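In full-length UniProt numbering, the protein residues as written are 1 to 124.
Glycine residues also receive a C-beta, built at the ideal position from the N, C-alpha and C atoms.
Only a predicted model underlies this, so the values are computations on that prediction, with no experimental measurement involved.
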């Protein structure tokens with residue numbers, strides 16, 4: 001089972017809150033597609049940061065005269081860090097957008113965890 005943090009944003013008097021779940025752990029999509037992943041998710045500041053750091057790393061590695069294999073190793077290490085911290089960056093973006101971390105749920109999949117959380121809301 002996977003763990004998900006539940007983030008809720010209520011719109012004034014609207015009784016139906018906006019609910020988002022963010023998985024705990026490594027994010028393979030962010031590791032492989034870093035900037036594209038953040039753009040698709042709508043995390044604009046995160047994508048700008050990842051793109052900027054990637055450019056700076058590439059410029060510095062070229063300036064230091066590191067060979068292509070060394071540059072590839074450093075870029076893979078950077079993408080590994082992006083994959084490790086991607087879900088934390090997603091939580092940071094949701095917090096900036098007014099979402100509040102409400103709960104932690106577990107489930108086999110995203111949909112299962114969401115149904116589980118909604119079921120707990122209906123029993124309260």
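Please report the straight-line C-alpha distance between residue i and residue j, rounded to a whole angstrom.
i, j, result
"residue 57", "residue 73", "12 Å"
"residue 99", "residue 65", "45 Å"
"residue 93", "residue 50", "14 Å"
"residue 54", "residue 88", "19 Å"
"residue 71", "residue 48", "21 Å"
"residue 37", "residue 59", "23 Å"
"residue 20", "residue 79", "25 Å"
"residue 110", "residue 35", "23 Å"
"residue 63", "residue 77", "19 Å"
Throw me the rounded Cβ distance for the residue i and residue j pair, which I believe falls under 8 Å.
i, j, result
"residue 11", "residue 107", "Not really, about 25 Å apart at Cβ, beyond 8 Å."
Does the beta carbon of residue i fall short of 7 Å from some heavy atom of the ligand COA?
i, result
"residue 27", "As presented, the structure is devoid of all ligands, the ligand COA included, so that no description of it is given."
According to DSSP, what are the bridge partners of residue i?
i, result
"residue 9", "18"
"residue 2", "107"
"residue 23", "4"
| query | Is there contact here, the region 35-52 with the region 105-116, by at least three beta-carbon pairs under 8 Å? | reply | Contact fails: fewer than three Cβ-Cβ distances are below 8 Å.
| What are the complete beta strand (DSSP E) segments, minimum 3 residues, inside the region 61-114? | Counting whole runs of 3 or more residues, the region 61-114 contains the beta strand (DSSP E) stretches 100-107.
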